[in-house]
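Below you'll find the structure, written out as structure tokens, and then a few comments.
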Amino acid sequence: MPLVDMQDMLGHAYRHGYAVGAFGVVNWNVLEGVIAAAEKMRAPIILSISKAYPGTDTIESLARAVTEMGHRATIPVTFQVEIESDPAGAEAAIDMGCCGIVFNASSKLLPENVALTQKVVALAAPLGVLVVGRVGLIETGQEDELVDASGNGATTPPEAKYYVDRTGVGCLAVSVSRICSGGSSKYNFTRLSKINQAVGIPLGIHGSAGYTDDQMRRMIGFGAAKINYSAPLLDIAAERIRNNVTAGALGYAATVAGVREAVQLETERCIQVWGSSGRAAEVLQQCRARKSFAPRAEKTV
Numbered sequence: 061m062p063l064v065d066m067q068d069m070l071g072h073a074y075r076h077g078y079a080v081g082a083f084g085v086v087n088w089n090v091l092e093g094v095i096a097a098a099e100k101m102r103a104p105i106i107l108s109i110s111k112a113y114p115g116t117d118t119i120e121s122l123a124r125a126v127t128e129m130g131h132r133a134t135i136p137v138t139f140q141v142e143i144e145s146d147p148a149g150a151e152a153a154i155d156m157g158c159c160g161i162v163f164n165a166s167s168k169l170l171p172e173n174v175a176l177t178q179k180v181v182a183l184a185a186p187l188g189v190l191v192v193g194r195v196g197l198i199e200t201g202q203e204d205e206l207v208d209a210s211g212n213g214a215t216t217p218p219e220a221k222y223y224v225d226r227t228g229v230g231c232l233a234v235s236v237s238r239i240c241s242g243g244s245s246k247y248n249f250t251r252l253s254k255i256n257q258a259v260g261i262p263l264g265i266h267g268s269a270g271y272t273d274d275q276m277r278r279m280i281g282f283g284a285a286k287i288n289y290s291a292p293l294l295d296i297a298a299e300r301i302r303n304n305v306t307a308g309a310l311g312y313a314a315t316v317a318g319v320r321e322a323v324q325l326e327t328e329r330c331i332q333v334w335g336s337s338g339r340a341a342e343v344l345q346q347c348r349a350r351k352s353f354a355p356r357a358e359k360t361v
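Numbering-wise, the sequence shown is residues 61 to 361 according to my numbering.
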């Protein structure tokens with residue numbers, strides 16, 4: 061079946077109190093594992109591609125693979141492309157046939173972030189491509205983007221409202237935690253609730269590694285409808301490969317044996333925790349099909 065509209069998918073999740081996983085795929089093994097999990101759990105799924113993921117195949121080839129798998133799937137599939145703060149990357153992402161663009165200009169001053177995001181929305185919205193904007197420094201694991209121990213850099217409700225009102229993004233990625241000793245994160249659910257009330261659109265959680273299942277469920281209760289999940293899947297795949305090598309695996313096939321299955325198990329666990337299991341049929345009934353766009357190879361993100 062065709063890919064579905066990302067705005068429709070996230071809107072359904074937001075209204076019904078669950079979150080759709082946006083799983084980072086870097087190669088065919090990971091992609092197959094994620095899709096197999098969604099099929100088994102009868103869950104809607106977002107496939108996420110980015111050149112920033114370590115060891116990623118070219119995102120142009122991944123976009124073709126994602127589109128092919130989406131057409132094969134019997135569950136609702138949509139896909140997003142994560143780009144940097146250059147609006148020019150949005151055109152390339154649209155040419156790949158994406159359903160959503162994650163645009164990150166959160167390191168800029170708020171007025172500049174707004175101005176850059178407006179350019180992306182102006183390009184994407186007329187074509188039915190949802191834009192996920194970002195306000196506040198997101199816990200991506202990159203030192204220069206981490207919220208400090210006092211919460212400086214976290215998203216505030218006034219900033220979120222200012223940004224959403226002026227850009228028209230369909231989903232807002234927020235940061236409302238502070239980094240504690242040992243790398244753990246303490247989440248400010250009161251602030252998240254106020255942001256949700258201020259903007260009234262689906263919220264995205266990026267950099268989800270390190271949060272407990274209970275924290276994730278509570279985030280969903282306060283408007284989180286999309287959860288990016290990439291690094292943990294890559295860690296699981298890497299661990300499986302290390303175990304194979306330690307056990308004496310020789311050759312490529314033996315070295316990567318079990319990666320797909322390990323990714324599938326973790327994806328199934330996330331789907332269950334985030335409440336999207338069993339939602340496929342109702343989402344399909346309420347989602348429009350995504351228009352198809354032919355990729356143009358000369359464009360790159």
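Virtual Cβ for every residue (Gly too), placed ideally from N, Cα, C.
This structure is a prediction, so every number in the text was calculated from the model and none was measured.
Next item on the list: Please classify L63: does DSSP put it in a helix, a strand, or coil?
Entry: The residue you call residue 63 lines up with position 3 of the sequence shown. If DSSP states are grouped into helix, strand and coil, L63 belongs with coil.
Less than 6 angstroms between C-beta atoms, sequence neighbours within five positions excluded: which residues of the same chain meet that for G93?
Locating residue 93 in the sequence shown gives position 33, counting from the first residue. Excluding residues within five positions, the ones whose Cβ falls inside 6 angstroms are R320, V323, Q324.
Query raised in the report: Counting along the chain, where does the beta strand (DSSP E) carrying T138 start and finish?
Result: In the sequence shown, counting from the first residue as 1, residue 138 sits at position 78. Segment 137-143, the beta strand (DSSP E) holding T138.
To which residues of the same chain is D204 closer than 7 angstroms at the C-beta, ignoring the five residues directly before and after it?
As a working note, residue 204 is residue 144 in the sequence shown. Note that D204 has pLDDT 36, beneath the 50 cutoff, so the model's placement of it is unreliable and the number below is only indicative. Excluding sequence neighbours, D204 sits near nothing in its chain.
*Between the region 94-102 and the region 265-275, do at least 3 Cβ pairs fall closer than 8 angstroms?*
no
Check your understanding: Start and end of the beta strand (DSSP E) containing N288?
Key -> Start at 1 with the first residue of the sequence shown, and residue 288 comes out as number 228. Here the beta strand (DSSP E) through N288 covers 284-289.
**OP:** Drop a sphere of 10 angstroms on the beta-carbon of N173, count the other beta-carbons inside from all chains shown, and report buried for 16 or more, exposed for fewer.
**Re:** Locating residue 173 in the sequence shown gives position 113, where the first residue counts as 1. It is buried - the Cβ of N173 has at least 16 other Cβ atoms within 10 Å.
- When you compare only the Cα positions, how much space is there between R339 and S166? Counting from 1 along the sequence shown, the entry for residue 339 is found at position 279. Counting from 1 along the sequence shown, the entry for residue 166 is found at position 106. Approximately 32 angstroms, taken between the alpha carbons.
Whole angstroms are fine: how far does the CA of G193 sit from the CA of L206? By one-based count along the sequence shown, residue 206 stands at place 146. By one-based count along the sequence shown, residue 193 stands at place 133. Annotation note: pLDDT 46 at L206 (below 50); position unreliable, coordinate value reported separately. If you take the alpha carbons of L206 and G193, they lie about 17 angstroms apart.
message = Can you tell me whether C330 is helix, strand or coil according to DSSP?
response = Here residue 330 refers to the residue found at position 270 when the sequence shown is read from its first residue. Three-state DSSP puts C330 in a helix.
Open item on the list: To the nearest angstrom, how far is the alpha carbon of I161 from that of K254?
Closed with: For the purposes of this step, residue 161 is identified with residue 101 of the sequence shown, where counting begins at 1. For the purposes of this step, residue 254 is identified with residue 194 of the sequence shown, where counting begins at 1. Their Cα atoms are separated by approximately 25 angstroms.
Decide if Q257 is buried, meaning its Cβ has at least 16 other Cβ atoms within 10 Å, or exposed.
Translated into positions along the sequence shown, residue 257 becomes position 197. Flag for Q257 reads exposed.
| said: On the DSSP letters alone, give me the boundaries of the beta strand (DSSP E) that V192 sits inside. | reply: Taking the first residue of the sequence shown as 1, we reach residue 192 at position 132. Its beta strand (DSSP E) spans residues 190-194.
### Query
Alpha carbon to alpha carbon, how far is D68 from E128?
Numbered from its first residue, the sequence shown carries residue 68 at position 8. Numbered from its first residue, the sequence shown carries residue 128 at position 68. Their backbone Cα atoms lie some 21 angstroms apart in a straight line.
Notebook entry, point to check: Hey, how far is the Cα of V180 from the Cα of V191?
Noted result: Sequence index remark: in the sequence shown, residue 180 carries index 120 (1-based). Sequence index remark: in the sequence shown, residue 191 carries index 131 (1-based). Distance between the alpha carbons of V180 and V191 is about 8 angstroms.
For I280 and W334, I'd like the C-alpha separation in whole angstroms. Position 220 of the sequence shown, counted from the start, is the residue given in the question as residue 280. Position 274 of the sequence shown, counted from the start, is the residue given in the question as residue 334. Approximately 7 angstroms between the Cα atoms of the pair.
Review point. How many whole angstroms separate the CB atoms of P104 and V343, which I take to be in contact at a CB cut-off of 8 angstroms?
Key: Taking the first residue of the sequence shown as position 1, residue 104 is located at position 44. Taking the first residue of the sequence shown as position 1, residue 343 is located at position 283. Correct: roughly 5 angstroms between the Cβ atoms.
*Between the CA atoms of G308 and Y289 - distance to the nearest angstrom*: Here residue 289 is taken as the residue at index 229 of the sequence shown, counted from 1. Here residue 308 is taken as the residue at index 248 of the sequence shown, counted from 1. In a straight line, the C-alpha of Y289 is about 30 angstroms away from that of G308.
message = Within a Cβ cutoff of 8 angstroms, which residues of the same chain sit near E99, ignoring the five residues on either side of it in sequence?
response = Here residue 99 corresponds to residue number 39 of the sequence shown, with the count starting at 1. Excluding positions up to five away in sequence, the list reads A133, T134, I135.
Indicate whether C46 and D65 have their beta-carbon atoms separated by less than 8 angstroms.
The question about residue 46 has no answer, for the chain in this structure spans 61 to 361.
Exercise. Just reading off the alpha helix (DSSP H) that L170 is part of, what are its end residues?
Worked result: In the sequence shown, counting from the first residue as 1, residue 170 sits at position 110. Residues 170-184.
D155: buried (16+ other C-beta within 10 angstroms of its C-beta) or exposed? Taking the sequence shown and counting its residues from 1, one reaches residue 155 at position 95. Buried, since its Cβ has 16 or more Cβ neighbours within 10 Å.
Problem - Host beta strand (DSSP E) of I161 (start-end) - result: Residue mapping note: residue 161 aligns to position 101 of the sequence shown, counting from 1. Element bounds for I161: 160-163.
Where the beta strand (DSSP E) through G84 begins and ends:
Position 24 of the sequence shown holds residue 84. G84 -> beta strand (DSSP E) spans 80-84.
- Just curious, the beta strand (DSSP E) that I106 is in, first and last residue? To locate residue 106, count along the sequence shown from 1; it is residue 46. From DSSP, the beta strand (DSSP E) with I106 extends over 105-109.
(Q) Quick check on A314: buried or exposed, where buried means 16 or more other Cβ atoms within 10 Å of its Cβ? (A) Position 254 of the sequence shown, counted from the start, is the residue given in the question as residue 314. The residue is exposed, with fewer than 16 neighbouring Cβ atoms inside 10 Å.
ask   = Anyone know if the C-beta pair for E326 and I296 falls short of 8 angstroms?
value = Taking the sequence shown and counting its residues from 1, one reaches residue 326 at position 266. Taking the sequence shown and counting its residues from 1, one reaches residue 296 at position 236. Cβ atoms of E326 and I296: closer than 8 angstroms.
**Report entry** Rounded C-alpha distance that separates A175 from T227
**Finding:** By 1-based counting over the sequence shown, the position of residue 175 is 115. By 1-based counting over the sequence shown, the position of residue 227 is 167. Cα to Cα, A175 sits roughly 8 angstroms from T227.
If I'm right that S110 touches E142 with Cβ under 8 angstroms, what's the distance once you round it to whole angstroms? By one-based count along the sequence shown, residue 110 stands at place 50. By one-based count along the sequence shown, residue 142 stands at place 82. With 8 angstroms as the limit, S110 and E142 qualify as a contact, their Cβ atoms being about 4 angstroms apart.
What do you reckon, is the C-beta of P104 under 7 angstroms from a heavy atom of the ligand NAD? The ligand NAD is absent from the structure shown, which contains no ligands of any kind.
Thinking C-alpha only, which one of A182, L170, G230 is nearest G213?
-> Here residue 213 refers to the residue found at position 153 when the sequence shown is read from its first residue. Measuring from the Cα of G213, the nearest candidate turns out to be L170.
- Message: Relative to the C-alpha of N87, which candidate in M61, P262, R277, I119 has its C-alpha closest?
- Response: Reading the sequence shown from its first residue, position 27 is the one you call residue 87. Closest by alpha carbon: I119.
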